[in-house]
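Chains as they are written, first to last, in the working numbering: chain A, 13 to 301; chain P, 13 to 301. All C-beta atoms in this analysis are idealised placements derived from N, C-alpha and C, irrespective of residue type, glycine included. A quick note: this is a predicted structure, and the numbers were derived from the prediction, not measured. First the structure, in the form of structure tokens, and then the observations on it.
Number of protein chains: 2
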Amino acid sequence: MTACQARINALLDHYLPKEEATTPLYQAMRYACLNGGKRLRPYLAYQSAALFNTPAQIIDPVAVAIELIHCYSLVHDDLPAMDNDDLRRGKPTCHKRFDEATAILAGDALLTLAFEVLSQTDGLQSDNCSTNLKLIQTLSRAAGPFGMVQGQALDLAAEGKVLSYEQLCQMHHAKTGALIAASVQCGAIASNASENDLEELHKFGLRIGLAFQIKDDLLDVLGKSETMGKKPGQDVKNQKCTFVTLLGLNTTSEYLNTCYTQSLIHLAPFGQKADPLRSLAAYIVGRET
Amino acid sequence: MTACQARINALLDHYLPKEEATTPLYQAMRYACLNGGKRLRPYLAYQSAALFNTPAQIIDPVAVAIELIHCYSLVHDDLPAMDNDDLRRGKPTCHKRFDEATAILAGDALLTLAFEVLSQTDGLQSDNCSTNLKLIQTLSRAAGPFGMVQGQALDLAAEGKVLSYEQLCQMHHAKTGALIAASVQCGAIASNASENDLEELHKFGLRIGLAFQIKDDLLDVLGKSETMGKKPGQDVKNQKCTFVTLLGLNTTSEYLNTCYTQSLIHLAPFGQKADPLRSLAAYIVGRET
Chain A
13 MTACQARINA LLDHYLPKEE ATTPLYQAMR YACLNGGKRL RPYLAYQSAA LFNTPAQIID
73 PVAVAIELIH CYSLVHDDLP AMDNDDLRRG KPTCHKRFDE ATAILAGDAL LTLAFEVLSQ
133 TDGLQSDNCS TNLKLIQTLS RAAGPFGMVQ GQALDLAAEG KVLSYEQLCQ MHHAKTGALI
193 AASVQCGAIA SNASENDLEE LHKFGLRIGL AFQIKDDLLD VLGKSETMGK KPGQDVKNQK
253 CTFVTLLGLN TTSEYLNTCY TQSLIHLAPF GQKADPLRSL AAYIVGRET
Chain P
13 MTACQARINA LLDHYLPKEE ATTPLYQAMR YACLNGGKRL RPYLAYQSAA LFNTPAQIID
73 PVAVAIELIH CYSLVHDDLP AMDNDDLRRG KPTCHKRFDE ATAILAGDAL LTLAFEVLSQ
133 TDGLQSDNCS TNLKLIQTLS RAAGPFGMVQ GQALDLAAEG KVLSYEQLCQ MHHAKTGALI
193 AASVQCGAIA SNASENDLEE LHKFGLRIGL AFQIKDDLLD VLGKSETMGK KPGQDVKNQK
253 CTFVTLLGLN TTSEYLNTCY TQSLIHLAPF GQKADPLRSL AAYIVGRET
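Structure, rendered in structure tokens:
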């Protein structure tokens with residue numbers, strides 16, 4: 013994962029516009045992306061492609077696009093009108109470091125840039141064109157009004173309410189699961205994987221996406237602010253319905269393990285080649301940040 | 013133009029998600045789009061395609077995507093942290109009708125949906141795939157950090173400052189010119205037009221884009237709130253540098269006519285077929301709203 017982080021940081025540095033003096037827009041875009049992120053989603057895309065022996069440089073543009081979309085979503089989610097967060101990975105959030113208008117625009121620009129990166133046709137064969145369109149379709153669907161944006165809207169609408177278990181799962185599926193699952197799928201789409209393989213990897217992505225969120229809920233109760241780079245206890249403060257408030261600590265921990273075990277079933281068809289994805293699933297449930 | 017408006021309204025109604033009760037997201041997306049807009053940019057795409065006898069149904073998805081991008085930009089531009097506008101076409105702006113968080117998310121969702129619409133591959137031949145990628149490239153470039161978003165950032169940075177004539181042109185070129193020019197180009201790209209024709213149409217689009225903005229500046233001084241659906245005098249109130257503050261009323265009016273005349277030069281190669289585009293240019297300089 014460290015190698016993937018270095019690769020994505022270099023690629024983001026390449027694709028992001030260089031800072032210039034007239035407006036803070038480009039500086040804010042770079043601040044929002046080049047901030048020590050885990051690069052979990054690009055890693056999933058690379059490792060999913062590696063199952064099919066697809067070289068990493070084929071995946072570079074889609075990995076960059078995925079991370080740009082993820083970073084835009086964090087900038088907008090942190091805004092005062094949304095989650096109103098002051099800190100992100102131990103540093104001031106984008107609207108705190110710059111201002112609200114700049115943060116809104118930086119998010120808009122990162123989202124738009126993601127699709128520009130995926131549309132670059134230089135040197136593409138026409139059969140690669142149809143692959144790129146499928147990548148754009150998969151990511152826009154996962155990020156838009158039927159995916160991530162809907163998830164954030166459901167999250168805001170849920171504040172102060174008690175959700176059913178199904179409603180909580182639906183919200184997290186849209187908010188984080190869709191983009192994580194799309195990241196796994198994109199590595200396979202770019203490898204011209206079979207429908208069967210795409211299906212298994214999609215299911216794997218959805219399970220680890222859910223595991224990721226359950227772990228987040230646990231960390232908000234059990235985590236330490238030094239390792240997390242943000243204050244724990246935000247969910248209780250914001251009266252959020254979480255797996256912990258709904259199921260209690262013990263059942264939530266058990267449920268996390270169930271999701272982990274279930275995710276591994278979908279990797280069985282890929283044999284030893286899927287070991288990096290297995291390690292990643294283990295990392296997601298074991299992480300402390 | 014009335015027929016185009018009806019066509020785009022029906023298409024937007026089809027592509028936008030239907031309202032549902034859990035969150036106000038879909039309702040806000042529809043509110044932001046189905047609001048009596050002029051549909052100027054889709055009209056440009058259709059009429060540019062008509063120069064090459066391309067059927068309107070080929071242009072439908074790109075016309076919808078262009079209008080979705082335009083509507084998202086209005087929602088975000090109106091936000092309190094940006095231009096802080098309460099009225100848009102005589103009705104409450106999206107964040108006034110709903111709330112700020114919903115308006116931010118609705119804008120994000122409209123932008124993402126635009127690219128989803130352009131990525132739909134059902135029934136596309138592989139040579140159409142490369143056309144769709146070029147459309148996505150053209151629109152993302154015009155809308156993103158080198159186009160519309162940059163223009164809005166330049167606009168915000170200019171508040172209370174006196175810009176040079178070149179700086180004012182650069183700002184408007186990015187803020188409104190880029191998407192208007194891209195709309196004209198997209199009709200031609202979808203028609204597999206020659207590089208020469210694309211170039212002329214791009215130049216036509218940039219001239220009428222500039223004319224559109226000059227007219228906006230004039231209307232802010234000379235317009236009546238009943239016909240405009242918003243209060244005039246906002247530029248002076250917000251201490252904005254405009255063509256009127258920079259050049260005075262008379263010179264600005266003359267400059268508007270110069271832009272109009274220059275735009276027509278680029279339509280000469282297309283003969284009588286370009287008459288609807290000529291009428292549109294005349295409409296832009298003559299409009300009262």
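Any chain P beta carbon closer than 9 Å to residue i
i: Q132 (chain A); result: yes
i: K249 (chain A); result: no
i: V161 (chain A); result: yes
i: L258 (chain A); result: no
i: P67 (chain A); result: no
i: E178 (chain A); result: no
i: I78 (chain A); result: no
i: R100 (chain A); result: no
i: C198 (chain A); result: no
i: G119 (chain A); result: yes
Under the three-state DSSP convention, the category residue i falls into
i: K252 (chain P); result: coil
i: S131 (chain A); result: helix
i: C22 (chain A); result: Per the sequence presented here, residue 22 (chain A) reads as Ala, with Cys not at that position. Correct three-state label for A22 (chain A): helix.
i: E207 (chain A); result: helix
i: A202 (chain A); result: coil
i: G245 (chain P); result: coil
i: L318 (chain A); result: Residue 318 (chain A) is absent from the structure shown; chain A starts at 13 and stops at 301.
i: A33 (chain A); result: coil
i: R219 (chain A); result: helix
i: R299 (chain P); result: coil
i: F224 (chain A); result: helix
i: M13 (chain A); result: coil
i: K236 (chain A); result: coil
i: G189 (chain A); result: helix
i: G163 (chain P); result: helix
i: L28 (chain P); result: coil
is_contact[residue i, chain A] using C-beta, thresh 9 Å
i: Q164 (chain P); result: yes
i: C181 (chain P); result: no
i: N128 (chain P); result: Here residue 128 (chain P) is Glu; the residue named in the question, Asn, does not match the sequence. Chain A, which has a Cβ nearer than 9 Å to the Cβ of E128 (chain P), makes this yes.
i: A193 (chain P); result: no
i: G172 (chain P); result: no
i: K108 (chain P); result: no
i: T188 (chain P); result: no
i: A93 (chain P); result: yes
i: Q149 (chain P); result: yes
i: N144 (chain P); result: yes
i: R290 (chain P); result: no
i: I71 (chain P); result: no
i: P244 (chain P); result: no
i: S206 (chain P); result: no
i: A202 (chain P); result: no
Cα-Cα separation between residue i and residue j, rounded to whole angstroms
i: A154 (chain P); j: V87 (chain A); result: 22 Å
i: L218 (chain A); j: L210 (chain A); result: 12 Å
i: C16 (chain A); j: R101 (chain A); result: 19 Å
i: I78 (chain A); j: S195 (chain A); result: 7 Å
i: I220 (chain P); j: L23 (chain A); result: 37 Å
i: P172 (chain P); j: N250 (chain A); result: Before going further, note that residue 172 (chain P) is Gly rather than Pro in the sequence given. Their Cα atoms are separated by approximately 38 Å.
i: L261 (chain P); j: L230 (chain P); result: 7 Å
i: L151 (chain A); j: D25 (chain A); result: 21 Å
i: P281 (chain A); j: Y177 (chain A); result: 31 Å
i: N140 (chain A); j: V248 (chain A); result: 48 Å
i: E207 (chain A); j: E128 (chain P); result: 21 Å
i: C253 (chain P); j: G245 (chain P); result: 13 Å
i: K236 (chain A); j: R42 (chain P); result: 43 Å
i: D95 (chain P); j: G163 (chain A); result: 27 Å
i: T143 (chain A); j: L123 (chain P); result: 21 Å
Cβ-Cβ separation, residue j to residue i (assumed contact under 8 Å), whole Å
i: A293 (chain A); j: C198 (chain A); result: Incorrect: roughly 18 Å between the Cβ atoms, too far for contact.
i: L117 (chain A); j: L28 (chain A); result: Actually they are not in contact, since the Cβ atoms of L117 (chain A) and L28 (chain A) sit about 14 Å apart, beyond 8 Å.
i: A62 (chain A); j: K285 (chain A); result: 7 Å
i: N202 (chain A); j: I20 (chain A); result: The identity of residue 202 (chain A) in the sequence shown is Ala, whereas the question assumes Asn. 16 Å between Cβ atoms; not a contact.
i: L145 (chain A); j: T133 (chain P); result: 5 Å
i: V233 (chain P); j: L268 (chain P); result: Wrong, their Cβ atoms sit about 13 Å apart, outside the cutoff.
i: K103 (chain P); j: N47 (chain P); result: 7 Å
i: A223 (chain P); j: Y272 (chain P); result: 6 Å
i: A186 (chain A); j: G159 (chain A); result: 6 Å
task = Could I get the ranges of all uninterrupted alpha helix (DSSP H) runs contained in the region 38 to 126 of chain P, with 4 residues as the minimum, in chain order?
result = Listed in chain order, they are 52 to 62, 68 to 90, 106 to 109.
ask   = Unbroken alpha helix (DSSP H) runs of length 4 or more, entirely within the region 268 to 295 of chain A: which are they?
value = None, since the region 268 to 295 of chain A contains no complete alpha helix (DSSP H) of that length.
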